[in-house]
Amino acid sequence: MRELRALEPDFWRAPSAHNTQPWTLTYAGDEAAVGWDPARALPISDPTGRDLRLSLGAFVECCLIVCADAGLGVAFRPDPGPQRVGFLYAAGRPYETPFTTADVRARGVNRGEYHAGRLPEELAATLEGTRRLPCRDLADLLHAADLHQFGDREVTRELRDWLRLTRRHRRYLLDGLSDRALALTRAQTLGLRASLALYPALRRLGLPRALAGASRGLLDYDGDVLVLVGPADGEVETGRLLMRHWLRLSALGYTTHPLSQIIDCAPTRRELAARLGVADPRTLLHVARVGRPKTAAAPSARLRT
Numbered sequence: 091m092r093e094l095r096a097l098e099p100d101f102w103r104a105p106s107a108h109n110t111q112p113w114t115l116t117y118a119g120d121e122a123a124v125g126w127d128p129a130r131a132l133p134i135s136d137p138t139g140r141d142l143r144l145s146l147g148a149f150v151e152c153c154l155i156v157c158a159d160a161g162l163g164v165a166f167r168p169d170p171g172p173q174r175v176g177f178l179y180a181a182g183r184p185y186e187t188p189f190t191t192a193d194v195r196a197r198g199v200n201r202g203e204y205h206a207g208r209l210p211e212e213l214a215a216t217l218e219g220t221r222r223l224p225c226r227d228l229a230d231l232l233h234a235a236d237l238h239q240f241g242d243r244e245v246t247r248e249l250r251d252w253l254r255l256t257r258r259h260r261r262y263l264l265d266g267l268s269d270r271a272l273a274l275t276r277a278q279t280l281g282l283r284a285s286l287a288l289y290p291a292l293r294r295l296g297l298p299r300a301l302a303g304a305s306r307g308l309l310d311y312d313g314d315v316l317v318l319v320g321p322a323d324g325e326v327e328t329g330r331l332l333m334r335h336w337l338r339l340s341a342l343g344y345t346t347h348p349l350s351q352i353i354d355c356a357p358t359r360r361e362l363a364a365r366l367g368v369a370d371p372r373t374l375l376h377v378a379r380v381g382r383p384k385t386a387a388a389p390s391a392r393l394r395t
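When we follow our numbering, the leftmost residue of the sequence shown carries the number 91, and every step to the right adds one.
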């Protein structure tokens, strides 16, 4: 377990909604409980805990990959409990995986512009559990979901709590969504800061529509959006699968940009399920555009460095 502790900075490279990094490791004997900090959950925008459990699954996968690359025999045992999803424990052999710590470090989200182009059919076919749609086919749903998100006072407040739009923010280098991670220009950053500061006064004057309009052209190109479909009660394991998908894509030069607001909004979630021919909208677990970015993204901040 002492060796495990030394690897924590790379465990923390796992993805999480709003870069909250909610996971915790509690060591006892020859195992460590994988849990979460309630203060780093998103009770307003993620009321069911879907994104939380996906993040914890991705964290577990990162832990196993990094430990395997270090030659440590570590396995994961699901064991849900109060603020816990399971345990990492000493195993007889390292986890079998094609990925390495370098892959974990290289993976990242890119919210900037992507080159036009669809994923090769043979690559898309390897991404288990995913459905693929052209970007333009989801532009209307993204706009509707953004309008819903920015129109909700509490959801917007929670988002604002995790934004780091100035380097003077005391947590700029620790967590949350920075201006650099969001790929914002200086003018866009200043505009967003002013808009959110005046949100209560401007909400009735159409501010949500203006904020939602900022992403109207995001999907207006020839590209792909991936929708991950899985059991609604298996999100931790699905999070592990999602992490493997992202690492596979990253190794081939692709990045992703989560657009899960589409499934956070009930009407757009139902409409997306109908377009995909999915009977139960609850099984839509993650949405992201994928492609080759035009410019490299700034790495997101991390609590463990």
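Think of the CB as a built atom: it goes at the ideal place given N, C-alpha and C, for glycine as much as any other residue.
Here the structure is a predicted model, which means the values were calculated and not measured.
Given a cut-off of 9 Å on the beta-carbon distance, is the pair residue 114 and residue 126 in contact? Against a cut-off of 9 Å, the Cβ pair of residue 126 and residue 114 comes out as a contact.
Assign residue 201 to buried or exposed, taking buried as 16 or more other Cβ atoms, counted over all protein chains shown, within 10 Å of its Cβ. Residue burial annotation: residue 201 is buried, with at least 16 other C-beta atoms found within 10 angstroms of its C-beta.
Restricting to Cα atoms, I'd like to know which of 175, 187, 289 is closest to residue 157. Scanning 175, 187, 289 for the CA closest to the CA of residue 157 turns up 187.
Sufficient close CB pairs (3 or more, under 8 Å) joining the region 370-377 to the region 258-265: Flag = no, the region 370-377 and the region 258-265 do not touch.
Contact belief for residue 145 with residue 210 at Cβ below 8 Å, rounded distance in angstroms: With 8 Å as the limit, residue 145 and residue 210 do not qualify as a contact, their Cβ atoms being about 28 Å apart.
Within its chain, find whatever has a CB closer than 7 Å to the CB of residue 388; leave out the 5 residues flanking it on each side and keep chain order. Once the five neighbours on either side are set aside, the close Cβ partners of residue 388 are 270, 271.
For residue 288, the three-state DSSP class (helix, strand or coil): In this structure, DSSP gives residue 288 a state outside helix and strand, which the three-state scheme calls coil.
Alpha helix (DSSP H) segment containing residue 169, residue limits: Careful: residue 169 lies outside any alpha helix (DSSP H), inside the beta strand (DSSP E) at 164-171.
Inter-residue Cα distance where the pair is residue 378 and residue 232: Cα to Cα, the separation comes out at about 11 Å.
Cβ-based burial, residue 182 [other Cβ within 10 Å; buried from 16]: Of the other Cβ atoms in all chains shown, fewer than 16 fall within 10 Å of the Cβ of residue 182; this residue is therefore exposed.
8 Å Cβ shell around residue 346 - same chain, five flanking residues per side excluded: Counting only Cβ-Cβ distances below 8 Å, and skipping sequence neighbours, we find 199, 200, 316, 336, 339, 378, 379, 380.
Cβ separation of residue 116 and residue 159, assumed to be a contact under 8 Å, to the nearest whole Å: Incorrect: roughly 23 Å between the Cβ atoms, too far for contact.
Label residue 193 either buried or exposed according to how many other C-beta atoms from any shown protein chain fall within 10 Å of its C-beta, with 16 as the threshold for buried. It counts as buried.
Residue 138 in three-state terms, based on DSSP: Residue 138 falls in the coil class under three-state DSSP.
If you follow the beta strand (DSSP E) that residue 383 is part of, which residue opens it and which one closes it? It is not in any beta strand (DSSP E) - residue 383 carries neither H nor E in the DSSP assignment.
Determine, using beta carbons only, whether residue 135 and residue 292 come nearer to each other than 9 Å. No. Outside cutoff.
Looking at residue 176 and residue 170, is the spacing between their C-beta atoms short of 9 Å? Contact: yes.
In DSSP terms, what residue 177 is bridged to: DSSP lists 123, 167 as partners of residue 177.
Can you grab the Cα-Cα spacing for the pair residue 180 / residue 167, in whole Å? Spanning the two alpha carbons is a distance of roughly 11 Å.
Close beta carbons around residue 229, own chain, < 7 Å, minus the five adjacent residues each side: Excluding residues up to 5 positions away in sequence, 309, 310 lie with their Cβ nearer than 7 Å to the Cβ of residue 229 in the same chain.
Delimiting residues of the beta strand (DSSP E) encompassing residue 221: Taken as a continuous stretch (DSSP letters only), the beta strand (DSSP E) holding residue 221 covers 220-224.
Using a threshold of 9 Å, state whether the C-beta atoms of residue 301 and residue 274 are closer than that. The criterion of a C-beta distance shorter than 9 Å is not satisfied by residue 301 and residue 274.
For residue 366, I'd like the list of residues in its chain whose CB is within less than 6 Å of its CB, leaving aside the five on either flank, ordered along the chain. Closer than 6 Å at the Cβ level, and outside the excluded window around residue 366, lie 221.
Go ahead and label residue 217 buried or exposed: buried means 16 or more other beta carbons lie within 10 angstroms of its beta carbon, across all protein chains shown. Buried, because 16 or more other Cβ atoms sit within 10 Å of the Cβ of residue 217.
Less than 9 Å between the beta carbons of residue 313 and residue 207, yes or no? Yes, these two residues count as a Cβ contact at 9 Å.
For residue 245, which option in 108, 384, 386 has the closest C-alpha, if you only look at C-alpha atoms? Ranking 108, 384, 386 by Cα distance to residue 245 puts 108 first.
Can you list, in chain order, the stretches of the beta strand (DSSP E) that have 3 or more residues and sit fully within the region 299-323? Runs found: 314-319.
The alpha helix (DSSP H) with residue 366 in it runs from where to where? 356-366 is the extent of the alpha helix (DSSP H) around residue 366.
Buried or exposed for residue 328, going by 16 or more other Cβ atoms inside 10 Å? By the neighbour-count rule (16 or more Cβ atoms within 10 Å), residue 328 is buried.
Is it buried or exposed for residue 147, if we count other Cβ within 10 angstroms and need 16 for buried? Around the beta-carbon of residue 147, 16 or more other beta-carbon atoms lie within 10 Å, marking it buried.
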